[in-house]
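Q: In order, the protein sequences belong to chains A and B. This note's numbering numbers the first residue of the first sequence as 32 and each following residue consecutively. This note's numbering numbers the first residue of the second sequence as 32 and each following residue consecutively. Sharing a structure here in structure tokens format.
Protein chains: 2
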Amino acid sequence: MRTFKSLFITVSLLSGLSSTFAADKLLSKVDLAAANTLRERALNDTTAGQLVESLTTEVGARPAGSTGDKAAIQWGLREMKRLGFSNVRTMEVTVPHWVRGEAECAVLAPWPVNIPTLALGGSVGTDSEGVEADAVMVKDIAALAALPAGAVKDKIVFFSNRMDRTQDGSGYGRAVAVRVQGPSAAAALGARAIVIRSVGTSPNRFPHTGSLRYLADIARIAAFAISNPDADALERQFASGKQVRMRLRSTARELPPEKSANVIGEVPGTDRANEIVILGAHLDSWDPGVGAIDDGAGVALVMGVAKLISELDTKPRRTIRVVLFANEEFGTSGSRTYTTAAQAESVRHVLGFEADFGAGPVWRLSSRVNPNQLPVVEQIFRATAPLKLARGANTATGGADLDGLARAGMAILSPDLDGTKYFDVHHTANDTLAQIDPGALQQAVAAYAVSAWLGAQYPGDWEPVTEVKPPRR
Amino acid sequence: MRTFKSLFITVSLLSGLSSTFAADKLLSKVDLAAANTLRERALNDTTAGQLVESLTTEVGARPAGSTGDKAAIQWGLREMKRLGFSNVRTMEVTVPHWVRGEAECAVLAPWPVNIPTLALGGSVGTDSEGVEADAVMVKDIAALAALPAGAVKDKIVFFSNRMDRTQDGSGYGRAVAVRVQGPSAAAALGARAIVIRSVGTSPNRFPHTGSLRYLADIARIAAFAISNPDADALERQFASGKQVRMRLRSTARELPPEKSANVIGEVPGTDRANEIVILGAHLDSWDPGVGAIDDGAGVALVMGVAKLISELDTKPRRTIRVVLFANEEFGTSGSRTYTTAAQAESVRHVLGFEADFGAGPVWRLSSRVNPNQLPVVEQIFRATAPLKLARGANTATGGADLDGLARAGMAILSPDLDGTKYFDVHHTANDTLAQIDPGALQQAVAAYAVSAWLGAQYPGDWEPVTEVKPPRR
Chain A
32 MRTFKSLFIT VSLLSGLSST FAADKLLSKV DLAAANTLRE RALNDTTAGQ
82 LVESLTTEVG ARPAGSTGDK AAIQWGLREM KRLGFSNVRT MEVTVPHWVR
132 GEAECAVLAP WPVNIPTLAL GGSVGTDSEG VEADAVMVKD IAALAALPAG
182 AVKDKIVFFS NRMDRTQDGS GYGRAVAVRV QGPSAAAALG ARAIVIRSVG
232 TSPNRFPHTG SLRYLADIAR IAAFAISNPD ADALERQFAS GKQVRMRLRS
282 TARELPPEKS ANVIGEVPGT DRANEIVILG AHLDSWDPGV GAIDDGAGVA
332 LVMGVAKLIS ELDTKPRRTI RVVLFANEEF GTSGSRTYTT AAQAESVRHV
382 LGFEADFGAG PVWRLSSRVN PNQLPVVEQI FRATAPLKLA RGANTATGGA
432 DLDGLARAGM AILSPDLDGT KYFDVHHTAN DTLAQIDPGA LQQAVAAYAV
482 SAWLGAQYPG DWEPVTEVKP PRR
Chain B
32 MRTFKSLFIT VSLLSGLSST FAADKLLSKV DLAAANTLRE RALNDTTAGQ
82 LVESLTTEVG ARPAGSTGDK AAIQWGLREM KRLGFSNVRT MEVTVPHWVR
132 GEAECAVLAP WPVNIPTLAL GGSVGTDSEG VEADAVMVKD IAALAALPAG
182 AVKDKIVFFS NRMDRTQDGS GYGRAVAVRV QGPSAAAALG ARAIVIRSVG
232 TSPNRFPHTG SLRYLADIAR IAAFAISNPD ADALERQFAS GKQVRMRLRS
282 TARELPPEKS ANVIGEVPGT DRANEIVILG AHLDSWDPGV GAIDDGAGVA
332 LVMGVAKLIS ELDTKPRRTI RVVLFANEEF GTSGSRTYTT AAQAESVRHV
382 LGFEADFGAG PVWRLSSRVN PNQLPVVEQI FRATAPLKLA RGANTATGGA
432 DLDGLARAGM AILSPDLDGT KYFDVHHTAN DTLAQIDPGA LQQAVAAYAV
482 SAWLGAQYPG DWEPVTEVKP PRR
């Protein structure tokens, strides 16, 4: 009892809040004890590891609209049923069906070389001869805009910007604009095609794909990525002062949209069953790899968490709902379909967790909750103490698939996965099971399981989040 | 003087030899001081780094018989002249001209997947439909031989043996038999094609090529390698207990032999100019990467060493000869041509250094010298003390390109390059400049430069090596 009392006092002091937080709005000893049980079980549970092994081996790559995408849906239904989830079902989603085809990138002058390349996701292809043109190197879109008029007309533009390695993924956010906006930015100035240095941190020779966004009313030009070491070598060609001439070719093409599905299963709640604690990850992947860290690991993690919670003696108060979203990578149509459907449901989504940043470990617990719920977040954080997490701010964004629900006011708890090495592998052919450390994944399952369980047991209401200020601590 | 005297005494005691090693058979103070100068200059000299950058950027891949091979010869001549070497010349070499073409490896059942693959060097191709067959997994050639009669008839054989990571490269020696002998071993039992787990240590998705050796009178079947993570996934397909069915396709083919060349340059000796200290590396590379660590680094290293020696105030007693060998990878015809020609020369090859094990650092100094020269090897070892090397045995093998000269009795000094990570990159598409640490390369240049210089200055004779016993220490 001592621990609980001192915790209550500490929380009250730390949060700077007072009597509005009575003991009955904090987590019970029983629920905290169950959290300890969950955490210890999770650290020794191989379910998530087995799931990602199964998904990557038996299904493999599963880009939106592909046969792998359809196989993944069947896999998700089968595995959710095997794990004993309730209300296992699909929700139909329409997805784009872009096909990568083959891509070639050759430097013709000054020093001929063939460079491994990938088309950016959604890129148009070229005609069969490809695009051959002199090339211009710029760092980023600002540098492109600063060029003299006509500088890239009929040229190939090479964006050489280098991504920073960060734990929280912020380096990606800063670097990705070139990929998303670069094609239309260059096309607007008359360029015929673009090549970008991969938006990734790997020193290995893996080009990094990912989606672009064409602007309306601007010519759609083909867009490619090359790996960091190849971008380094291409920079050296430019540094020679000689004219760089390149040829790019791609058979990428858009096929008619396909049907896919979100896959959903639940651990039913009890007295607050109509309140949903959603655990989201995405079932689709890019095609060059087999989608182990992106997002097989997240799929396995949320399924492993729900399975562990379902095995507790106490059933959760709120309903734990696992949603494996369709098509995160190519426009989040799975998320948008789900968010629309959620508005029509009689249940309410009160708290969300997304796992879409690799296979762990978790290094920090962040949140985006109504400030009135910060004391319980603090209590949840303390329940993760043996996992040695940092305490993050109350400014978490959740993730792409929960974005719609979060914008509608749903609270977010974010056990932050360590992104330091994530962008060495993400969106490359090297996204395989070999990149997953089973121990790190188990630690991540533990962090999510403790947080999700306690979030489901919180005796108060998860109030809507309207405005979030930086946390007091 | 104190240092020198105590060194002499130590050497005499350690070598267990006595008065036959008078002071006049040991290195002079002047030469040792020059070695210190060389070492310090080498640790700050960027010549080798610039050379490997230039070779990999301006020439890139240079497999035997290719246009890159021819460009590399011109590059070697140009750079040797630029560095001020004497007697810069080529020696014509006939080389095979195998063309890799494209390769495909697909698992059709139980779980379809396309696996990145490379043909083994020298492999025949398949017909345009490829080879489709049920597959049998074995660890290695011994396990293949232990199968019941007919077990692999008309099948595809998957060799799953995993290479050990070692500092001295011994793991490669133990694992490589599957690649060299596997194709004929499987063909002799009626197999239609083979796939091997790469003879490499990388957890990344890079298949590893390298040469095979077909036996006469046995059908030549196509042979492929897949990366370690893909081999892991393929093992899981076999572990399912279901029949694995695969399709393999390759357009590899042999073209008529081509002319290539060894590229040779010298730092002329003085009073012992007719004795050659040879520094060898190979100019050819495999084609998937750009041959940075194999063997651009070695090429750069031996050229950087000779350049530093040429810049000393004192000219070497013996002639330092740099030889960039043609075609190490595909049968060492450059080495064989050179060895034959050396027998007809009026000069004698007395001491050899080969650099063909990556970009450093050097971790050990080994040798293969007549035991009468062990005291001077010890003295050379002590001159490398600030580089913190281990003292290796007198059982070094040199390397593939110096093998013929070593068998004819030439002494070998082997500053052993650290191979711990070498086989993560070797023979893969990932063999790029990004894998080279400039500081490690400079340390390696220092180790070779000190050893080569002192080897050239040794006042005694480098006696022929006939029988080498394990060293006394």
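Using N, Cα and C, we set each Cβ at its ideal position, and we do this for glycine too.
Distance check for E89 of chain A and A427 of chain B, CA to CA, integer angstroms please.
A: 47 angstroms
Q: So with Cβ pairs under 9 angstroms, would you call Q474 of chain B a contact of chain E?
A: Annotation note: the requested chain E is absent from the structure, which comprises protein chains A and B.
Q: Tell me which same chain residues have a C-beta within less than 8 angstroms of the C-beta of V42 of chain A, skipping the five on either side of it?
A: Here the model assigns V42 of chain A a pLDDT of 40, short of 50, so the residue's position is not dependable, and the following value carries that caveat. Cβ neighbours of V42 of chain A beyond the five flanking positions: F52, L57, P406, E409 and Q410.
Q: State the beta-bridge partners of F189 of chain A as determined by DSSP.
A: F189 of chain A pairs with A:M168 and A:V226.
Q: By how many angstroms is the C-alpha of D302 of chain B removed from the C-alpha of L69 of chain B?
A: 21 angstroms
Q: With 16 as the cutoff for other CB atoms within 10 Å, does A416 of chain A come out buried or exposed?
A: exposed
Q: So with Cβ pairs under 9 angstroms, would you call R276 of chain B a contact of chain A?
A: no
Q: Output, in chain order, the set of chain B residues within a Cβ distance shorter than 7 angstroms of G450 of chain A.
A: The premise fails here: G450 of chain A is roughly 19 angstroms from chain B at the closest Cβ pair, so nothing lies under 7 angstroms.
Q: With H, G and I counted as helix, E and B as strand and the rest as coil, what does DSSP make of D76 of chain B?
A: coil
Q: Counting only runs that start and end within the stretch 353–440 of chain B, where is the beta strand (DSSP E) found for 3 or more residues in a row?
A: 379–385 and 393–399
Q: Alpha carbon to alpha carbon, how far is A442 of chain B from I227 of chain A?
A: If I take the Cα positions, the gap works out to 51 angstroms.
Q: Go to M511 of chain A, then tell me how far its alpha helix (DSSP H) extends in each direction, as first and last residue.
A: A question about residue 511 of chain A goes unanswered here, because the residues of chain A that appear run from 32 up to 504.
Q: Would the stretch 418–425 of chain A and the stretch 462–469 of chain A be scored as touching if the rule is three or more Cβ pairs under 8 angstroms?
A: no
Q: Contact defined as beta carbons within less than 8 angstroms: I believe V496 of chain B pairs with R399 of chain B. What is the distance between those atoms, to the nearest angstrom?
A: About 6 angstroms separates the beta carbons of V496 of chain B and R399 of chain B, which is inside the 8 angstroms limit, making them a contact pair.
Q: Determine whether the Cβ of T77 of chain A lies closer than 9 angstroms to any Cβ atom of chain B.
A: no
Q: Check whether the stretch 437–457 of chain A touches the stretch 376–395 of chain A, taking contact to mean three or more Cβ pairs, one atom from each stretch, closer than 8 angstroms.
A: Enough Cβ pairs lie closer than 8 angstroms, so yes.
Q: The alpha helix (DSSP H) with S482 of chain B in it runs from where to where?
A: P469 to Q488
Q: Is there a Cβ of chain A sitting closer than 9 angstroms to that of L464 of chain B, yes or no?
A: yes
Q: Can you give the beta carbon distance from Q488 of chain B to D62 of chain B, rounded, assuming they're within the 8 angstroms contact cut?
A: 4 angstroms between Cβ atoms; contact.
Q: Cβ closer than 8 angstroms: which chain A residues qualify as neighbours of T88 of chain B?
A: W142, A264, R267 and Q268
Q: What are the partner residues of N293 of chain B, as DSSP defines its beta bridges?
A: N293 of chain B pairs with B:M122.
Q: Skipping 5 residues on each side, what residues in its chain have a beta carbon closer than 6 angstroms to that of A304 of chain B?
A: T350
Q: Compare the beta carbon distance of G327 of chain B and F356 of chain B with 9 angstroms and say whether it is the shorter of the two.
A: no
Q: Can you tell me which of the three DSSP states D158 of chain B falls into?
A: If DSSP states are grouped into helix, strand and coil, D158 of chain B belongs with coil.
Q: Would you call the CB atoms of E135 of chain B and R223 of chain B closer than 9 angstroms?
A: no
Q: L265 of chain B and V138 of chain B look like a contact to me (Cβ under 8 angstroms); what is the Cβ gap, rounded to whole Å?
A: 7 angstroms
Q: Cβ-heavy atom distance between T98 of chain B and the ligand NAP below 8 angstroms?
A: Ligands in the displayed structure: none, and consequently the ligand NAP is not present.
Q: What are the boundary residues of the alpha helix (DSSP H) that V138 of chain A is part of?
A: Per DSSP, V138 of chain A belongs to no alpha helix (DSSP H); it is in the beta strand (DSSP E), A134 to A140.
Q: Cα-Cα, which of B:V476, B:I467, B:V456 and B:S366 is closest to A431 of chain B?
A: B:S366
Q: CB-CB under 6 angstroms to I146 of chain A, same chain, minus the five flanking residues each way: which ones, in chain order?
A: C136, I257 and D261
Q: Near A323 of chain B, what residues of its chain come up, given a Cβ to Cβ distance below 7 angstroms and the 5 sequence neighbours on each side ignored?
A: V83, T87, D462, T463, L464, Q466 and I467
Q: Evaluate the contact criterion for the stretch 151–168 of chain A versus the stretch 245–253 of chain A: three or more CB pairs, one atom per stretch, below 8 angstroms.
A: yes
Q: Helix or strand or just coil, what does DSSP make of G153 of chain A?
A: coil
Q: Under 9 angstroms between C-beta atoms, does R236 of chain B make it to chain A?
A: yes
Q: Would you mind giving the Cβ-Cβ distance between I330 of chain A and I104 of chain A, rounded to the nearest angstrom? I have them listed as a contact below 8 angstroms.
A: Going by the sequence as given, residue 330 of chain A is Val instead of Ile. With a Cβ gap of about 12 angstroms, V330 of chain A and I104 of chain A do not count as contacting.
Q: Looking only at C-alpha atoms, which of A:E494, A:I309 and A:F454 sits nearest to A483 of chain A?
A: It is A:I309 whose Cα lies nearest to the Cα of A483 of chain A.
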